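Heads up: the sequence shown at position 835 corresponds to 1237 in the numbering used here, and the numbers run straight through without jumps.
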Amino acid sequence: MRVKPVARLKFLIYKQCLVSITRFKSAGSFRSYDSYWPRPFINRMLNTDLLVEGRLCYTSENSAYVVNPSDGNRILIFAKALNRALPNDIVAVKLNRPEQWRVRAFLEDHDDRLNRTTSPIIPAEAEEEFLDESDDDLEPSSSTVNNNPTTTPHFQLTMESGPGWRGSAAATNGGAEVFYPTVREVLQTSPLLMPRLFPGVSSVLALQEQKPLSPLPSRYLMRTGRVVGVLAEDSASRRLVGSLVFESALLLPSAFVEAEGLDEFTRPRQGVVEGRDGLPMAVPSVNCFFVPERVYCPRVKLIPSSVPEDLWENPHKAEGVRYVCKIQDWPSTSPYPKGILRGQIGDPREIEPATQEILLSHGIYEDEFTEDMLKDLPASEEEFQIPNYEYLRRRDFRSHCVVSVDPSTAKDLDDALHVKISTKDVFEVGVHIADVSFFVRPLTPLDQEAANRTTSIYLVQRVIPMLPAILSERLCSLNPGVDRLTFSVVFKVDKEGNVLDVWFGRSVIRSCARLSYEDATALLETPHEELDSLASRISVQGPFSLSNIKRSITYLDMLAQKMRKRRIENGALLLDKVQLQFDLIPNVEELKQFPSTCSTSSKEAVEADAKKLERNGEPVGPSQAGWPRGYVVKQSGRAHHLIEEWMLAANQAVARRLFYHVIRQKHQEILHNADVSTVTTPTVIATIGSSSTRPTGLERSKGLRASSMGTILRRHPAPKVSKVEELVKIAGSAGIPVDTSSGGAIRASLDAYIARLREESTPESEVESISTALSYLTYMRMQMALYFNVEDVVDRAIRKARNGEVSEVSPLASDAAGAAPFPPTSHESWESSLLKFSHHFGLNVPLYTHFTSPIRRYADLLVHRQLADLLGCGHWSCRKPSISPAPSTGNTSTVACTPRRLTAQAAWCNRMRRETRRAQEESQQLFLAAWIKSSGSVQENAVVLGLGNTKIQLLVPSCGLVLNHQLQKFCRKATSWQMGSDRGAKGDATHAPCVTVRWEEGKKEETEENEKGKLTASTTTKLSILSVCPVRLTCGPMGFYVKAELLPPLNPLLPLSSALETEQVSLEDMCTVGCDAK
């Protein structure tokens, strides 16, 4: 049969269309990603321990891992098994079959991921792995300089490297990614290795599907898995900074486009690309891609409508411009995530664009609260009245002399105190905390937004609040002279500050005075007969007087001093941390709106600053408003210690109350519930393992109130052994013996060395510099404090023990036949093991939580709800606090919070707390760099924290700035420098590194202050660990990267600034550096 030419032509066209469609669908051999499992099914699988929940940590563009909470080992995930999950997402992972697991080299040392201080009964907390960011697989540096990015401010790293810098796996892992073969590949090559990989197990059972809680059969195996769902998205990985790239795309037939119903994202549009000859060429099908600067983030395909039209016509306009992109979604059928262009980053020489980049890099956004979030709140303070039933159900403290002590600039007053003499030598002290849970109900839009933000961010120039201003500054803020709803912890203490009794409950107060720290200090230091001199600066609400306020502050201070002394004696670790407060140039609108607050001298200062910036070649105009004119170091005094001690006491008391309620609840379930299939809490493992009969479950005791909100506590793990050894090595190189048995022992060792320096008549400025440097050396090697869900930790451990491992086997000996199991465990040992797990290293207390700042921390709000539920005074079942009373809906049950959801929320709070701390520190470093730039150059003393073959790490004690530099650049003004080893008193060589810098005779020192000065003789400068040396600080013209340069020893060491008073910060406040938080 002869085919007609027309039919043949139609066939060829149809064939070409099929080829085009096939090429489009394949998109370079791309196959669709697996669909995510339904969330209810994932939750059921998690509750039965068939899935693992963890944070995804990328090691290269195509590989990542999560930590198995059962044993702390990694579960590796490769290529498409990542399934569209981005870095730091909280994901659900399904284990692969053992034949797909990886095998490490037999001669390789075992990578022990377990925290050595963690009891074997309680599983390792997976979140530690990510928040520390120190990777044990990285090659250790030969120097003592800590090259961990956490010790170097992220802002300085990005500004030093310049726009467009991206890290790489090669740079991070020594140049090549380690390849591990699969179990199938190993067994195909060497079948006799089966007994080594799976000792004591038949080959059939060994390759069957394993549960995550099952012990790892051999130390040579590494589990692999695949992502089946994203439980929480990381905002920092979805708001990115980068550049644009325009690429030609495959032109699709219009019939296919209409048939498939391609949307705007899938369908390319007409545009211009660069041709082979380098000239622009118009093509009918172009895609616009966003290339992020952030490491391991994929290219993003942009929705065409979000890209400006002029860029499609002239893509060269996008060259050298840094844009902001938001990832909206990642379709399973696309190799690229879908994003929209949100704008571009401004001039990097200005503060506001640099601030925006800091916020974006840490996943922090400044979106306004929506109407849906604010709909249940009054529009103003005048429209709200406390319901009458709240006065009846709460304890009334309005007749007490209640005062608040906060920074002078604070607007969110979340705590207040009262004290009175109860009986002879017994005081009643009330710690009253704003009752935010009355206004923010669980699972409402406002609660979900607060849970996402988790904390307020205190930047130098502004605050990004966790809650709207009507709550944080009005209805919840404990302002004087108005009734406020609070949650109170009332102590009965003796005259030595020992706690005799504690009462918890909801209350109502009326503060009689708002004191700043300076006001409280003045009251403590002013005699009674001179109190009238303070009347003009301290406003007191009747019926109380200034004398009543002074009496209360004096009693509180007396008890706090004794509590603080006892806490330090018990081993609390206090470290000196420099905190800065900047004086900013007001903008023109502020000068016009508030002319009385800006004196003539302030206006003259603004004009002088503008002239100086103009001389230095900086842009002058409205953008310079908000630039720093100077800074002072925040000082910590008696008033700070007073508030700190009572807040710590309240947090510890609440933690003890929550913890022991959980323990009593567990014991009741052990006694009254013998059905193992329904027990989800710790039971006697020996009984579970030996019982052959399963008695039916008994009815739960009605005398025990079961909490449905869970229990959030806060733990501070001891520093890693490698970090402790590093600290001992660095301190030993400077001749400082350090006892690392506890936090208090570390502090005592440092204090003893400082005392020895003073005995040797060392200049006080050098002593203070070294003291601050020792605190920083210790601080940088501490782990971060973590929130955790008590019930989930215990339940995971008991499920692990009940999953066929009544006798646990140590991972290190699991491949040896007949390994000795752990002894049977009783519920008493569960208590002690949980106490060890929850121990707070910095405070040296077994139990701790956050309760005292619910306005600015979401974890505190959760703890308020949990404590109220435990006490039976939770009131979200009552009417909401609306403007007009709403009809009662009846007695609804308390909103339950599942352990799984609470664990995910605790992990998110840990993540955002770390990012917030870094953003606050980088904001301070940004403004410090801006001040140095406006000053031209600054001469300060610096202390050497670390030395390597080519690098040096410095601390500037006067401002708390830590810098990492190349030795060649740091000593560029010197004639020569040479790396060597220090020599002891007897001339014997030690392993302590040192640098000898030689200054040639007659070489001029090029400084503005000493243009004609010459060295009188050839001199040398010897730099070793904790050496104090003069440096010049400068800031480059592009960006805000601070550089340090060594100065010759022309003059004696510069005296420290008279304002330098380092603030002692407990390890609990490690995450709040840079803000006025208590």
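For every residue, glycine included, the Cβ atom is placed at its ideal position computed from N, Cα and C. All of these numbers come straight from a predicted model, not from anything done at the bench.
Skipping 5 residues on each side, what residues in its chain have a beta carbon closer than 6 Å to that of ALA483? Shown here for ALA483: same chain residues with a beta carbon closer than 6 Å to its own, the five before and five after excluded, namely ARG628 in chain order.
For the candidate residues ARG621, GLY1244 and SER434, whose alpha-carbon lies nearest to that of ARG476? ARG621
Can the beta-carbon of MET1048 be found less than 8 Å from the beta-carbon of VAL833? The sequence given here places Trp at residue 1048; Met does not occur at that position. In contact: TRP1048 and VAL833 (Cβ atoms closer than 8 Å).
Which residue or residues does DSSP assign as beta-bridge partners of GLY1382? Per DSSP, the beta-bridge partners of GLY1382 are CYS1396.
Is the Cβ-Cβ distance between LEU1369 and ALA1136 less than 8 Å? no
Would you mind sorting THR461 into buried or exposed? The rule is 16 or more other CB atoms within 10 Å of its CB. buried
Check each candidate in GLN730, PRO882, ALA608 and ARG586 and name the one with the smallest Cα separation from ARG744. That would be GLN730, whose Cα lies nearest to the Cα of ARG744.
What residues are listed by DSSP as bridge partners for GLY644? Beta-bridge partners assigned by DSSP to GLY644: PRO694 and TYR725.
With distances taken from CA atoms, which of PRO500, ARG1320, LYS1445 and SER1378 is nearest VAL1340? Comparing alpha-carbon positions, the option among PRO500, ARG1320, LYS1445 and SER1378 lying closest to VAL1340 turns out to be LYS1445.
If you draw a straight line from the alpha carbon of HIS1266 to that of PHE906, how long is it in whole angstroms? 11 Å
TRP439 and VAL630 - do their beta-carbons sit closer together than 8 Å? Yes, these two residues count as a Cβ contact at 8 Å.
Quick one: using the 10 Å Cβ neighbour count with 16 as the cut-off for buried, is ALA1041 buried or exposed? buried
Look up PRO1432 in the DSSP assignment and say whether it is helix, strand or coil. strand
Entirely enclosed alpha helix (DSSP H) segments - the segment 737 to 808, minimum 4 residues: With a minimum length of 4 residues, the unbroken runs of alpha helix (DSSP H) contained wholly in the segment 737 to 808 fall at 753 to 763, 773 to 776 and 790 to 795.
For the putative contact between LEU982 and GLN863, defined by C-beta atoms under 8 Å, what is the C-beta separation to the nearest angstrom? Not really, about 13 Å apart at Cβ, beyond 8 Å.
Where the beta strand (DSSP E) through GLN1368 begins and ends: Where GLN1368 is concerned, the enclosing beta strand (DSSP E) starts and stops at 1363 to 1368.
Should GLU455 be labelled buried (16 or more other beta-carbon atoms within 10 Å of its own) or exposed? buried
Which residue or residues does DSSP assign as beta-bridge partners of TRP393? No statement about residue 393 is possible, as the shown extent of the chain runs from 403 to 1480 and does not include it.
Once DSSP output is grouped into helix, strand and coil, what is the label at GLN1355? Three-state result, GLN1355: strand.
Let me know if GLN1500 comes out buried or exposed under the rule of 16 or more other beta-carbons within 10 Å of its beta-carbon. Any property of residue 1500 remains undetermined from this structure, which presents the chain solely from 403 to 1480.
What do you reckon, are the CB atoms on ASN1053 and PHE1253 nearer than 8 Å? The answer is yes: Cβ separation under 8 Å.
Residue-chain proximity (SER1420, chain B), Cβ-Cβ < 8 Å: Judged by its chain identifiers, the structure shown contains no chain B, having just a single protein chain.
VAL1169 and ILE1156 - do their beta-carbons sit closer together than 8 Å? yes
Any contact between the segment 1111 to 1131 and the segment 1184 to 1197? By contact I mean 3 or more CB pairs, one from each, below 8 Å. yes
Can the beta-carbon of ALA818 be found closer than 8 Å to that of SER949? no
Which residues bound the alpha helix (DSSP H) around THR923? 919 to 927
Where do the ends of the alpha helix (DSSP H) carrying ASN854 lie? Going by DSSP, ASN854 is part of the alpha helix (DSSP H) stretching over 847 to 855.
Let me check one thing: in DSSP terms, what residues is ASN689 bridge-paired to? GLU649
If we call anything under 8 Å between Cβ atoms a contact, is VAL343 one with SER947? One cannot answer for residue 343 here, as it falls past the ends of the chain, which runs 403 to 1480.
Given PRO882 as reference, the closest of SER918, LEU902, PRO710 and ASN689 once Cα atoms are compared: SER918
Between which two residues does the alpha helix (DSSP H) carrying TYR1443 extend? Bounds of any alpha helix (DSSP H) do not take in TYR1443, whose DSSP letter is neither H nor E.
Alpha helix (DSSP H) segment containing TRP714, residue limits: 711 to 715
Should LEU540 be labelled buried (16 or more other beta-carbon atoms within 10 Å of its own) or exposed? In this prediction, LEU540 has a pLDDT of 27, which is less than 50 and means its spatial position is unreliable; what the coordinates show is noted afterwards. Counting Cβ neighbours within 10 Å, LEU540 comes out exposed, since fewer than 16 surround it.
Is DSSP giving TYR957 helix, strand or coil here? In the three-state scheme derived from DSSP, where H, G and I count as helix and E and B as strand, TYR957 is classed as helix.
Give the secondary structure of SER1173 by DSSP, where H, G and I count as helix, E and B as strand, and everything else as coil. helix
Roughly how many angstroms separate the alpha carbons of PRO809 and LEU488, rounded to a whole number? 40 Å
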